[in-house]
Every structure is written in C-alpha cells, then in structure tokens.
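Peer 1:
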Amino acid sequence: MTHLARPALEIRAALAALLAVLTLVLLAPSARADEPLNLPTDVTDTAGVLDEGAVSSALDVLRDDTDQQLFVAYVPTFDGADGPAWAEETFALSGMGTNDVLLAVAVDDRRYALYVGPGNPLTDDQLDAVEVAVEDRLAQDDWTGGAVAAADTLRSELTGGSGPGALTVLLVGGLVVIALIALVAWAAARRRRSAGNPAEGGLSTLPTDELERRASTALVAVDDDLKTAEQELGFAQAQFGPEATASYESALAAAKGAVTRAFTLRQQLDDSTPETEPQKRVMLAEIIGLCDQVTESLDAEGAQLTELRNLQATVPEVLAETRERIATARARVEPARGALASLAVTYPASALASVSANPDQAVRLLDAAADSVTAGETAVTGGDRATAVGHSRAASQAVGQALVLLGAVDSAGADLASAGPRLDAALTSIASDLADADRLGAGDPAVSAAADRARSIVAQAQTARSGGDPLAAIRDVTEAEAALDTALAPRREADEQRARAAALLAETLGRVGSQITAVSDFITTRKGAVGPEARTRLSEATRLFDEARALAPSDPVTALDTVRRCEQLVQSAQQLAQADVQSWENRQGPGSGGSNVGGMILGGILIDSILRGGSGGRGGYGGGGGFGGGGFGGGFGGGGRSRGGGFGGGGGRSGGSRGGGGRSRGGRF
C-alpha cells in the first residue's frame, strides 16, 4: 500500500474524527442480515456509515507505529448472532493472525465486538481501554469516530502515548484545542441532559423512521429483560425468601407497569387511527424513554441481587441439583410425545400447532443444559467459579423453559379434553340467540345477516365434535354469538343484555385467559426469535384482559366486549409469533435450529445468561467456550479474546469472562 506522509495522514484522520463529532450520522440504510464475512480489505462498510478515508488513515498510522493491524467491519446486523460469535467467525473466515485485531459493529442491532486472536500480546487492560474509547463514540452514533478511536487507543496503549497520534495532532493548534475541549464538554453535557430526558436529547434530532427502529428494538430488549428478571426473582426468592428480595420484587412490579405503558403506546401507533408526525415522534420517544428507565432499574436491582445470590459459594451444589432436574424433566419428554400422538388421532394438526414442536425443543434445551452443567463442573474443578456460575444459570433457565414447554403439552391436552362440554354449552347458548333472532328480529336485515352467519358457524361446529378442532369451534361460535348479540341489542331490554353478558363472561374469560397463557409461554420459550409486533399484541391483550376482569362485576356488557377485543389481539399475537419463529428457523438453514446451541438461542438463553458470564449484569457474554467445549466464546478460531457490548441508552459495559480458550463480552443497548 502507498502511504501518505505521516503528519498528513494524522491530520487527515484527526480532522475527520473532529468532523464526525460535530456532524452525527443520523440516517442508516434499511436493515438486512449479514452473515459472518471473509473481509476483503481492512475497512468493510456494508452499512454505509463510515468515512472510509478517515478510518483507513487511522489504521495506516497504527500499522506503521506498532505490530498490530486493525480490521474494521460495519454491517447493518449480525444476522441474529451475538457480537462476539459473529466477530470470531469473521476473524477465522478472513484468515487473520496473531497480531490482528477485529472491530465489528452492527449498526441496526446496536451491538459491537472487539476480537483478538489467540497469542495476541495485547493485555486485558489494553483491550479495556480500547473498549471504553470505542463504546463512548458508538453511543453517540459517531460511527467513524468509533473506528478511529479504536486505532488511536491501540496505538497509544502500545507506544505509551509518545509521539503524535491521529487525534493528538489536533491538540497542537491553540484554537483547535479550545474548540475541541469546548466541543467535548458540550457533548458530555448534552449526553447528561439526554439521559434525563430522551425527548430533549439526541432523539429529537433523529428521523422518525430511526425512532421507529429504536423503539422496536428497545421493546424487544426490555420485554426479554422483564421475562428474565421474573425468572431471576423466582430463583432468588426460593433461595433467600421474600423479605430479602422485596426491593427487587417492587422494582420489577414498577418495571412491568412501565413496559405495559410502552406497549400500549406501540399498540396505539399500530392501530387504524393515524397520528400526526409530531404526535408519533413524542410517542416513540416516550417508548424509548420508558424502556431506558426499566433497563436502568433492572440493572441496578440485578447487581444487588447478584451480590445477594453469590452463587459462587454454592455453585457445585446448584449444578448437582440442576443435573437432577434435567433427569426429572427428561422423564417427561416421552410421555409428552405419547400424549401428542394420542391427541393427533382425535384432533387436527391445527389444534396442536402451538405445542407440536415442544418435545423436540425441550430435548434440545435439556441437552444444552446438560452440556452447560458439565462445563460448569469442569470450571469448578479448574477453580473458575465465576464461569461455573454462568453455566449454572444458563442450565437452570434452559431446564425452566423445557418444563414450560412440556407443561404446555399437558395444558393443551386438558384444554382439548374439556373443550367438548364447553362447545356443547356454547352451542346451547347461541341456540337461544337464534331463537331470539326469529322472535325479535323478523324483517331486520342486520339481525337476519348475523343469524345466517351464526347458523353456518353452528353447522361447522357440529362437525368439530368428531375429528375437528373444538377450541377453534368454540372461538368461532362465541364470535358469531357476539355479532348476533350486537344485532339484537336494540331489541332487547338492558337487564336482559346484562344477564346474557354475565352468563357468557365467565366462560369467555376462562378461555381467553388460557390463550394468553399459551401464547405467553410460546413467546417466553422462543424469545430469541419473536419480534416486537407479537409482544405488543400480547401486552395489549393482557391489559384488556385485566380491564375486562375489573369491569365484570359492575358492567358485564362492556367487560364482554373488552375481552372479545382481547381475544382478537391474542390470536394476532399467536400468528405473528409463529411467523417470527418460522422465519427464524428458515434463516438458520438445515440443522442449525436443531442443535443444542440453536435451541438455547431460540429460547433467548445465550443472550440472557451465557452471554453474561454469570455476572448478573445485562449485556455481558461469557461462560467460556460455549457448550461441549466449543462454539461460542472460544470455538470458531480455536480460542482468542473478544470485547463487546451494547452502546448507548444506559446499557453500560459488562464485565469480561473467561472460559475454554477465550474471554468475551457482548450485548445490546
């Protein structure tokens, strides 16, 4: 490569870095998936956000002054993988060596990873310094500045800071010094103001479509965090009792309220009533702000809970207990398969669609849990209890999800078994409405149309008694009866309407409550694949369900209407969640979703536990070497080290972890 004179290179890089601070990059291209790459050059920018000239200049200075070569890869997404795993595979595919360093950034995912190969002489302290410098720039959407900061900090760490660097040259000119110091002070003050009020900070300068993207990402992240926090609370209460965990429980309750509010806003944005552009921006900013508040609250309480748990002292016993739980759960798999086979003889595939894959997913989770227990036991033997804790927590969550999946099969069988009598009751109820239609609605076109529709549904429901889907039939009959009730309402007395609504309400609440539980279990056990739309529908459905229950004693008519709207949202949530999972499985390719690690990723466990390295903080990655001595965190390249994490939004940096051949961090903001 032909190099410019070093002062020119340094000034060029410095001016570019200063310009990047002054003019934040606000627009990003549409998201698309990027699999790990074989990097053709030292700067790869498929996200289209870098000043490649400025970055190349900084890399040239680093390469000239040290024995290290930095490669930079900016992509829209990590294709569903965590940052360290994506970086490790890219490092291996690109044939990088001992003195190579890779900075990988997923702009739309807002994830990054810093990876060095095995044998690299960089120390942990040096990597930590680079991590701090990079993350501070990325948190401001200063994409070019992040890459330049990586190169400059590496150079400074390796040379002891002597000599002019790509940023230090800027400090030579007095006016530039003053301008740069003022700029940094202004940016820091602005970040502090933004943290307190996101609507007044950087969010106010972003395009609406970027706010949309950030709000959706934040909702998925905070919903996952809330589900994980609920599991964490259960573990802590079982070990320490309710009094010791009262603070965490209170914070979790407040977080649930904030998340419900955020999902309600999202539902309002998704409904058929359009908002003005200013209204939409305010609502999106509020969603992001609420999610940030929940994140900060859960982070603070999670840190205290981690200290409280102090699993390092008891991790050998916990691992042994988890192995026993795995064996107990495995004993339920074949009975669940047998139950599904028996149900399939009587009911169509559509009636079993939400649980038909549960035994297979449970086996994958239990296999992964067993691998993680083994890795944890190995870590204990080696004296690394911090890593053992990470494996222990991942194994516990995997077993918990497997039990939820197997329990859902039992629940499905019970629901279908009770569906026959419930269908009979629904048919009896709608028959009374049809009689009223003949008696009260003669000559009324609206009543006649609703009655004709109801009779057609009744005829279809009769066939569901033998080989059909009785749960779907109950739903269809109930919806037809609701339409008929609406048509007959003007001709009925108010007292009669209340009495009929009250009679229908109990059965409807029970049925819809079961649907909410089933869909919630489906999302919880597949949260690594389910996006914000399904979660939004489910959250809104849950809110309406609670509202209907509260209204039931005083206003059964309104309560019945509310729970029927709730049921429509639950059905939409189920369809969206199933579509998300199918799309995720299609992206994994043949066999990927069937691996133990694939099962953990689908369940969101690699993100929530193994990626944290047992630290209890959010956004970490660790656990060492993945499962069975390879895979994530020390697999692809045969070892190595990485630093990574989320940036912006108060996510914070996570502690590193060690296991197998590598150390790593990662997460989201």
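Read left to right, the sequence shown gives residues -33 to -1, 1 to 636 (mature numbering (1 follows the signal peptide of the UniProt record, and there is no 0)).
Cβ coordinates follow ideal geometry from the N, Cα and C atoms, glycine included.
Since we're looking at a predicted model, the values are computed, not measured.
Enumerate in chain order the residues of its own chain whose CB-to-CB distance from T509 is below 7 Å, with the five nearest sequence positions on each side excluded.
Peer 2: Along the sequence shown, read from residue 1 onward, the residue named residue 509 stands at position 542. The residues are I483.
Peer 1: According to DSSP, simplified to helix, strand and coil, what is V139?
Peer 2: Position 172 of the sequence shown, counting from 1, holds the residue named residue 139. Interpretation of V139 is limited by its pLDDT of 34, a score under 50 that renders its predicted location unreliable; the figure taken from the coordinates is listed afterwards. Of the three classes helix, strand and coil, the one that applies to V139 here is helix, per DSSP.
Peer 1: Thinking C-alpha only, which one of G20, L527, L251, A205 is nearest A114?
Peer 2: Start at 1 with the first residue of the sequence shown, and residue 114 comes out as number 147. When each option's Cα is compared against that of A114, the closest is G20.
Peer 1: Going by CA-CA distance only, name the one from A203, D547, L219, L372 that's closest to K194.
Peer 2: On the sequence shown, residue 194 is found 227 positions in, with the first residue counted as 1. Nearest of A203, D547, L219, L372 to K194, Cα basis: L219.
Peer 1: Around the C-beta of G201, are 16 or more other C-beta atoms found within 10 angstroms, so that it is buried, or is it exposed?
Peer 2: Working through the sequence shown from its first residue, we reach residue 201 at position 234. With fewer than 16 other Cβ atoms within 10 Å, it is exposed.
Peer 1: Decide if A362 is buried, meaning its Cβ has at least 16 other Cβ atoms within 10 Å, or exposed.
Peer 2: To locate residue 362, count along the sequence shown from 1; it is residue 395. Buried.
Peer 1: Note down the Cα distance separating N5 from R181, rounded to an integer number of angstroms.
Peer 2: Working through the sequence shown from its first residue, we reach residue 5 at position 38. Working through the sequence shown from its first residue, we reach residue 181 at position 214. Between N5 and R181, the C-alpha separation is close to 29 Å.
Peer 1: Hey, how far is the Cα of L518 from the Cα of D190?
Peer 2: Within the sequence shown, numbered from 1, the residue matching residue 518 stands at position 551. Within the sequence shown, numbered from 1, the residue matching residue 190 stands at position 223. Those two C-alpha atoms are separated by around 27 Å.
Peer 1: Can you give the Cα-Cα distance for G224 and G357, rounded to whole angstroms?
Peer 2: As a working note, residue 224 is residue 257 in the sequence shown. As a working note, residue 357 is residue 390 in the sequence shown. Roughly 29 Å between the two C-alpha positions.
Peer 1: Please state whether DSSP places Q35 in a helix, a strand or coil.
Peer 2: Numbered from its first residue, the sequence shown carries residue 35 at position 68. It is coil, neither helix nor strand.
Peer 1: Just verifying my parser: in three-state terms, what is the DSSP assignment at R292?
Peer 2: Indexing the sequence shown from 1 puts residue 292 at position 325. In the structure shown, R292 sits in a helix (DSSP, three-state: H, G or I).
Peer 1: Skipping 5 residues on each side, what residues in its chain have a beta carbon closer than 6 Å to that of L89?
Peer 2: As a position in the sequence shown, residue 89 is number 122, starting the count at 1. Closer than 6 Å at Cβ, skipping near neighbours: V83.
Peer 1: Indicate the three-state DSSP secondary structure (helix, strand or coil) for Y215 in the structure shown.
Peer 2: If you number the sequence shown from 1, residue 215 lands on position 248. It is helical.
Peer 1: Which residue or residues does DSSP assign as beta-bridge partners of D12?
Peer 2: Counted from its first residue, the sequence shown places residue 12 at position 45. Looking at the DSSP assignment, D12 forms a beta bridge with Y41.
Peer 1: At the level of alpha carbons, what is the spacing between P241 and D522?
Peer 2: Translated into positions along the sequence shown, residue 241 becomes position 274. Translated into positions along the sequence shown, residue 522 becomes position 555. Approximately 30 Å between the Cα atoms of the pair.
Peer 1: Among A118, D49, G498, which one has its Cα closest to the Cα of D67?
Peer 2: Translated into the one-based positions of the sequence shown, residue 67 becomes position 100. Of A118, D49, G498, the residue nearest in Cα terms is A118.
Peer 1: Out of T289, T243, Y215, E291, state which residue places its alpha-carbon closest to the alpha-carbon of L265.
Peer 2: Indexing the sequence shown from 1 puts residue 265 at position 298. It is Y215.
Peer 1: Could you tell me the alpha carbon to alpha carbon distance between G604 and A439, rounded to whole angstroms?
Peer 2: For the purposes of this step, residue 604 is identified with residue 637 of the sequence shown, where counting begins at 1. For the purposes of this step, residue 439 is identified with residue 472 of the sequence shown, where counting begins at 1. At G604 the pLDDT is 33, less than 50, meaning the model places this residue with poor confidence and gives no usable figure here.
Peer 1: Mapping the DSSP letters down to three states, classify D411 as helix, strand or coil.
Peer 2: Position 444 of the sequence shown, counting from 1, holds the residue named residue 411. Three-state result, D411: coil.
Peer 1: Span of the beta strand (DSSP E) holding L17?
Peer 2: To locate residue 17, count along the sequence shown from 1; it is residue 50. Taken as a continuous stretch (DSSP letters only), L17 belongs to no beta strand (DSSP E), as it is neither H nor E.
Peer 1: Is it true that the CB of R299 sits closer than 7 Å to the CB of L407?
Peer 2: Translated into positions along the sequence shown, residue 407 becomes position 440. Translated into positions along the sequence shown, residue 299 becomes position 332. No, they are not a contact pair.
Peer 1: Take T184 as the anchor and find which of R304, Q204, T44 has the nearest alpha-carbon.
Peer 2: Here residue 184 refers to the residue found at position 217 of the sequence shown. Among R304, Q204, T44, the Cα nearest to that of T184 belongs to T44.
Peer 1: For G597, name the three-state secondary structure that DSSP assigns.
Peer 2: Residue numbering aside, residue 597 sits at position 630 when the sequence shown is read from its first letter. No answer about G597 holds up, because its pLDDT of 29 lies below 50 and its placement is not dependable.
Peer 1: Select from V444, A413, S61, T492 the residue whose C-alpha is nearest the C-alpha of residue 688.
Peer 2: The structure shown does not extend to residue 688, since the chain spans only -33 to 636, so no value can be given for it.
Peer 1: For G305, tell me which candidate among D327, E291, V285 has the shortest Cα-Cα distance.
Peer 2: In the sequence shown, the residue the question calls residue 305 occupies position 338. Of the listed residues, the one whose Cα sits closest to G305 is D327.
Peer 1: Just to confirm my understanding: we take L286, look at its own chain, exclude 5 residues before and 5 after, and list those with CB closer than 6 Å. What are they?
Peer 2: Here residue 286 refers to the residue found at position 319 of the sequence shown. Answer for L286: V340, G343, E344, S359, listed in chain order.
Peer 1: Terminal residues of the continuous alpha helix (DSSP H) containing R122?
Peer 2: In the sequence shown, the residue the question calls residue 122 occupies position 155. 110 to 126 is the extent of the alpha helix (DSSP H) around R122.
Peer 1: Where does V497 sit, in a helix, a strand or coil, going by DSSP?
Peer 2: Within the sequence shown, residue 497 is the residue found at index 530, counting from 1. In this structure, V497 counts as coil in the three-state DSSP scheme.
Peer 1: Can you tell me whether E124 is buried or exposed, with buried defined as 16 or more other CB within 10 angstroms of its CB?
Peer 2: Counting from 1 along the sequence shown, the entry for residue 124 is found at position 157. The residue is buried, with at least 16 neighbouring Cβ atoms inside 10 Å.
Peer 1: Curious, which full-length beta strand (DSSP E) runs of at least 3 residues does the stretch 249 to 273 contain?
Peer 2: Segments of the beta strand (DSSP E) lying fully in the stretch 249 to 273: there are none.
Peer 1: Taking 7 Å as the threshold (C-beta atoms), are P315 and L390 in contact?
Peer 2: Within the sequence shown, residue 390 is the residue found at index 423, counting from 1. Within the sequence shown, residue 315 is the residue found at index 348, counting from 1. No.
Peer 1: Please classify Q368 as buried or exposed, where buried requires at least 16 other C-beta atoms within 10 Å of its C-beta.
Peer 2: The sequence position of residue 368 within the sequence shown is 401, counting from 1. Buried is the call here.
Peer 1: Return the bridge partner residues of residue 637 from the DSSP annotation.
Peer 2: Since the first residue shown for the chain is -33 and the last is 636, residue 637 is missing from the structure and cannot be characterised.
Peer 1: If we call anything under 7 Å between Cβ atoms a contact, is A73 one with P51?
Peer 2: The count along the sequence shown starts at 1 and reaches residue 73 at position 106. The count along the sequence shown starts at 1 and reaches residue 51 at position 84. No; because the gap between Cβ atoms is not below 7 Å, this pair is not in contact.
Peer 1: Excluding the 5 residues preceding and the 5 following A417 in the sequence, name in chain order all residues of the same chain whose CB lies nearer than 6 Å to its CB.
Peer 2: If you number the sequence shown from 1, residue 417 lands on position 450. Once the five neighbours on either side are set aside, the close Cβ partners of A417 are A450, L451, A454.
Peer 1: Could you give the distance in angstroms between the alpha-carbon of A335 and the alpha-carbon of R228?
Peer 2: As a first step, residue 335 must be located in the sequence shown, where it is residue number 368. As a first step, residue 228 must be located in the sequence shown, where it is residue number 261. A335 and R228: Cα-Cα distance of roughly 36 Å.
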